[in-house]
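> Residue numbers (our numbering), protein chains in the order written: chain A, 1 to 712; chain B, 1 to 177; chain C, 1 to 120.
For every residue, glycine included, the Cβ atom is placed at its ideal position computed from N, Cα and C.
Structure incoming, see below.
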């Protein structure tokens, strides 16, 4: 029979990558004498090796074998765990990842790096006083040893004398099955010897007293017969004598464990070729053997399958909730089938219960998409470790709140921006040790990653105790780059926001870690595209803190419902700064049509939503109007609306499915009454406003042009 | 040739149940509807449902023929007024105004859009060969929307192409300024 | 048909072994470590146990000796899955009461052919 191994490959790959992650994080935390950690690292390597062998990723097997041997020595206490070894093992983990990825994608890989690391590993292994045990274990090749591969097709008769020890059955072995296995090899004749059998009263039913003389006519080799007895050889007397009866001129080859895969395959082919000659032998086994010979797993996992692993507890919880929902439903339908007004209280209760059930169900379903942020955080210990080595700085990384949960999609997209921020913290934030000491700080710098929930959002803080951001330097640079006017007055927050301008970099010199001036703008854009925002706080000499605020999920949003004309719109709460009623004294008209509102120190442009969306509204006067001040791209604007309604969570539905992207609208949702409401996209609204203003300006200049031209 | 014998082989209505009827009318079925007293038709297999007119939620700065979106069992469905799109008749909304919701399946995706029409009239059985190509005379309806013409008695029914009908033009968002 | 308990911490290997056995008509019960294997063993009857050696929580060798202490596992064949073909590992297995061992990597056919030595 044939089993298609390739179906198990995706799951093997998934657990291999998990294993590599575990190895990496454990290696980074490994302290001398921590045996349990070494054990778990060893187990991970061991599983990868085993799986890789089974699924035909031989390069992975071979490489991992070296890693495993090294780990084995550490595990057994034959080797001290040195920092150098850990570095080599970390590099090896990278290599394993490269190899597994290459095997998955059937792609090429960095052979030089592998060769280099292999050499390093071998050298490390050879260097130690452990020469006794390094090579006791062969890398088992993926070969099928069942049938003799020596190429001989001699038909032989074997005489087998088999005397098991009395307690053979205690290890679960049963001679009967051994004989069955022998029968699969050829013609079998068995004679039992009962001479050892004690008197009936003396018999222990758990012991074996028989011995057997077996005659086997087969093409199999003596090794094959020994293999059948492999598990009992130590618990029996076994004599095998061979009499060849029929021979063909076939050069005898000795099975060699070291032989390459290619020659093994070639030999198997030989077996097929000679098979027809031995017609009375059971050919089935050989045929099967060759059919699945060397299962070369074709990794179909290339195209990323989007799946999540969900804890059973989450699913169970969901099932419970659905159960409750069913109960509530049946209660309500029973109530409805024979309803009288005196049952109104029960109905109200039932509906309340339904509301509760639905809410819980919704939360649970959302929770299924949630993963602990450790998935995004776990790469940082290694990253900081490597970067610290590279920059020669001493850095400690503190991670807090790694169990904070976050939507999978958000998680996938926040990884790169976070890496960028952490790199920056290492490169620009933390000073060199001498500088730190001179400034009275501990030699070792600290970077901390902190995640926590706040309202419906997750906050991720990346802070360092480094030199902080020099406000003047940033400002000067921005002036130099022409981003701001030299005489403009900006708040600290505004100055730090300049860091996110495209092409901005304050690093004195460009390093290969960061400082190329690309990136921070991308970081900000990525965060914004997730509906989040980023803020910077910094004190010179004390350090900086980048605070990323993200919605927990992209499927649900906390919104402020507003009314404009007949339409209801939803403004994402995360972008709302404040809502206020216009104080007429603070309105300033500038350059004709632009209306600004003085919000403390800032002048905020007023955008009448009815105008931007071309709606009819009774509230067209700015006097005493309602303003919702929102922020996007560091720009605050005041959206003029008719009424403020409730705040509620809404489920985001795409407009693109059946229609298209609409500027100024990020999606739609269905309100409690079944009607559709649009969700406002603040950057889009600002874009509309700008276009609108340009449009008007063009109109005006065109008009004035006409006036000038009129007299002609 | 014995005509009696041949006639005996032709299935009689009722004798063969629904399948028998299908056997007789092997052509396609089309839903016909009215726009300003003109007859139009669409492939009935595309018809998701027919619903009465309700005021949709407006899409900001959309062309006037796009009335907005409605909630159809949790799906956001845009509503296009075909009378405005084709510029025929008057776009008035009263009790008999209906929305035909059409779904067109492409390879991997499908798109569902509702179309406002004056009234739904009938289901037509038409053999494929009876669909004539439309003469290239300029009418209100742009030629890409027309699949062909069907003669029904004295009248002509315009068969519309659902795939093209569902294409939404990118609208400039300052259309209303 | 024979009922087999498959114990391995690696999903892919466990799935592969289990799938192979099932497609050959065996029934299987899976466990992801020695501890779970032991508790599943106690709550059912099995004709064969196939277990990995290196596992978290409880390793295969411990599982094996624990199983031998149970009256209905006294004679049940227990095969160890190992990548280590060293005699040391085999002796440790034997000492714990293992029936035999299967050296990884192995393919499905080899697995099926080999277990015939201990189970119908």
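Between 90(B), 43(B), 70(B), 141(B), which lies nearest to residue 103(B) when the distance is taken from Cα to Cα?
The sequence position of residue 103(B) within the second chain is 103, counting from 1. Residue 103(B) has its Cα closest to that of 43(B), out of 90(B), 43(B), 70(B), 141(B).
> Could you confirm whether any beta carbon from chain A is found closer than 7 Å to the beta carbon of residue 78(C)?
Mapped onto the third chain, residue 78(C) falls at position 78. So yes, residue 78(C) belongs to the interface.
> Report yes or no: do the region 554-571 of chain A and the region 471-487 of chain A share at least 3 C-beta pairs separated by less than 8 Å?
Judged by Cβ distances under 8 Å, the region 554-571 of chain A makes no contact with the region 471-487 of chain A, as fewer than three pairs qualify.
> Between 51(C), 89(C), 117(C), 47(C), which has its C-alpha nearest residue 15(C)'s C-alpha?
Sequence index remark: in the third chain, residue 15(C) carries index 15 (1-based). Checked all of 51(C), 89(C), 117(C), 47(C); the closest Cα to residue 15(C) is 51(C).
> Taking residue 90(C) as part of the alpha helix (DSSP H), name the residues at either end of that continuous run.
Translated into the one-based positions of the third chain, residue 90(C) becomes position 90. Residues 87-96.
> Check whether the Cβ of residue 90(B) lies closer than 7 Å to any Cβ atom in chain A.
As a working mapping, residue 90(B) is identified with position 90 in the second chain. Judged by the 7 Å Cβ criterion, residue 90(B) is not in contact with chain A.
> Which residues of chain B have a Cβ atom closer than 7 Å to the Cβ of residue 567(A), listed in chain order?
Taking the first chain and counting its residues from 1, one reaches residue 567(A) at position 567. Correct list: 57, 58.
> Tell me residue 130(B)'s beta-bridge partners as DSSP assigns them.
Residue mapping note: residue 130(B) aligns to position 130 of the second chain, counting from 1. According to DSSP, which records beta bridges pairwise, residue 130(B) is partnered with nothing at all.
> Just checking, does the region 22-39 of chain A make contact with the region 30-47 of chain C on the three C-beta pairs under 8 Å criterion?
With the cut-off at 8 Å, the region 22-39 of chain A and the region 30-47 of chain C do not touch.
> Using the Cα positions of residue 413(A) and residue 307(A), report the straight-line distance between them to the nearest angstrom.
Within the first chain, the letter at position 413 stands for residue 413(A). Within the first chain, the letter at position 307 stands for residue 307(A). Their Cα atoms are separated by approximately 16 Å.
> Would you mind giving the Cβ-Cβ distance between residue 47(A) and residue 26(A), rounded to the nearest angstrom? I have them listed as a contact below 8 Å.
The residue labelled residue 47(A) in the question sits at position 47 within the first chain. The residue labelled residue 26(A) in the question sits at position 26 within the first chain. The pair is not a contact, with the Cβ atoms about 14 Å apart (cut-off 8 Å).
> What first and last residue would you give for the beta strand (DSSP E) that runs through residue 50(B)?
Taking the first residue of the second chain as position 1, residue 50(B) is located at position 50. Residue 50(B) -> beta strand (DSSP E) spans 47-52.
> What does residue 126(B) touch in chain A if you count any residue whose Cβ is under 7 Å from its own?
For the purposes of this step, residue 126(B) is identified with residue 126 of the second chain, where counting begins at 1. Within 7 Å Cβ-Cβ: nothing; residue 126(B) doesn't reach chain A, min ~28 Å.
> Going residue by residue through the region 480-558 of chain A, where are the continuous beta strand (DSSP E) segments of at least 3 residues, counting only ones entirely within it?
If we require 3 residues or more, the beta strand (DSSP E) runs fully inside the region 480-558 of chain A come out as 533-539, 543-551.
> With a threshold of 7 Å between beta-carbons, can residue 83(C) be considered close to chain A, or not?
What you label residue 83(C) is simply residue 83 of the third chain in a count that begins at 1. So yes, residue 83(C) belongs to the interface.
> Should residue 420(A) be labelled buried (16 or more other beta-carbon atoms within 10 Å of its own) or exposed?
Position 420 of the first chain, counted from the start, is the residue given in the question as residue 420(A). Buried, by the Cβ-count rule.
> Any idea which residues DSSP pairs residue 80(C) with across the strands?
The sequence position of residue 80(C) within the third chain is 80, counting from 1. According to DSSP, residue 80(C) bridges with 51(C), 101(C).
> Which of helix, strand or coil does DSSP assign to residue 26(A)?
The sequence position of residue 26(A) within the first chain is 26, counting from 1. Note: residue 26(A) maps to helix in three-state DSSP.
> Does the distance from the CB of residue 1(C) to the CB of residue 42(C) come in under 7 Å?
On the third chain, residue 1(C) is found 1 positions in, with the first residue counted as 1. On the third chain, residue 42(C) is found 42 positions in, with the first residue counted as 1. No. Outside cutoff.
> Work out the CA separation of residue 9(A) and residue 149(A) for me, nearest whole Å.
Within the first chain, numbered from 1, the residue matching residue 149(A) stands at position 149. Within the first chain, numbered from 1, the residue matching residue 9(A) stands at position 9. Low confidence applies here, because residue 149(A) scores a pLDDT of 42, under 50, leaving its location unreliable; read the following figure in that light. Those two C-alpha atoms are separated by around 28 Å.
> Which chain A residues are close to residue 119(C), counting only those with a beta carbon under 8 Å from its beta carbon?
Reading the third chain from its first residue, position 119 is the one you call residue 119(C). Within chain A, the residues near residue 119(C) are 177.
> Three-state secondary structure (DSSP) at residue 96(B)?
Locating residue 96(B) in the second chain gives position 96, where the first residue counts as 1. Coil at residue 96(B), not helix or strand.
> Looking only at C-alpha atoms, which of 398(A), 158(A), 240(A) sits nearest to residue 447(A)?
Position 447 of the first chain, counted from the first residue, corresponds to residue 447(A). Minimum Cα distance to residue 447(A) is reached at 398(A).
> Does the distance from the C-beta atom of residue 394(A) to that of residue 441(A) stay below 7 Å?
Position 394 of the first chain, counted from the start, is the residue given in the question as residue 394(A). Position 441 of the first chain, counted from the start, is the residue given in the question as residue 441(A). Result no, Cβ atoms of residue 394(A) and residue 441(A) do not sit closer than 7 Å.
> Going by beta-carbon coordinates alone, are residue 632(A) and residue 683(A) separated by less than 7 Å?
If you number the first chain from 1, residue 632(A) lands on position 632. If you number the first chain from 1, residue 683(A) lands on position 683. In contact: residue 632(A) and residue 683(A) (Cβ atoms closer than 7 Å).
> Report all residues from its chain with a CB closer than 6 Å to the CB of residue 93(A); omit the five preceding and five following residues, and keep chain order.
Sequence index remark: in the first chain, residue 93(A) carries index 93 (1-based). These residues qualify, in order along the chain: 20, 23, 24.
> Using the beta-carbon of each residue, which ones in chain A are nearer than 9 Å to residue 97(C)?
Along the third chain, one-based indexing puts residue 97(C) at 97. Neighbours of residue 97(C) on chain A, chain order: 170, 171, 172.
> Got a sec: which bits of the region 51-73 of chain A sit with their beta carbon under 8 Å from any beta carbon on chain B, in order along the chain?
Listed in sequence order: no entries.
> Quick one: any contact between the region 118-126 of chain A and the region 190-201 of chain A, if contact means 3 or more CB pairs under 8 Å?
Because the criterion of three Cβ pairs below 8 Å is not met, the region 118-126 of chain A and the region 190-201 of chain A do not touch.
> Going along the chain, which unbroken runs of the beta strand (DSSP E) with 3 or more residues stay wholly within the region 605-660 of chain A?
If we require 3 residues or more, the beta strand (DSSP E) runs fully inside the region 605-660 of chain A come out as 626-632, 635-641, 643-651.
> Anything in the region 407-437 of chain A with a Cβ closer than 9 Å to a Cβ of chain B? List those residues in chain order, please.
Those would be none; no residue qualifies.
> State the CB to CB distance for the pair residue 464(A) and residue 430(A), rounded to an integer number of angstroms; the pair is presumed to be in contact (CB under 8 Å).
To locate residue 464(A), count along the first chain from 1; it is residue 464. To locate residue 430(A), count along the first chain from 1; it is residue 430. About 6 Å separates the two Cβ atoms, so the contact holds.
> Might you give, ordered along the chain, the residues of its own chain that have their beta carbon closer than 6 Å to the beta carbon of residue 549(A), omitting 5 neighbours on each side?
Here the question's residue 549(A) lines up with position 549 in the first chain. Answer for residue 549(A): 457, 459, 532, 533, listed in chain order.
> Suppose the cutoff is 7 Å on Cβ atoms and the five residues either side in sequence are ignored; what does the same chain contact list for residue 154(B) look like?
In the second chain, the residue the question calls residue 154(B) occupies position 154. The answer is none, since no qualifying residue turns up.
> Short check: CB of residue 321(A) to CB of residue 364(A), under 7 Å?
On the first chain, residue 321(A) is found 321 positions in, with the first residue counted as 1. On the first chain, residue 364(A) is found 364 positions in, with the first residue counted as 1. Against a cut-off of 7 Å, the Cβ pair of residue 364(A) and residue 321(A) comes out as a contact.
> Tell me, which residues are paired with residue 216(A) by DSSP?
For the purposes of this step, residue 216(A) is taken as the residue at position 216 of the first chain. According to DSSP, which records beta bridges pairwise, residue 216(A) is partnered with 158(A), 188(A).
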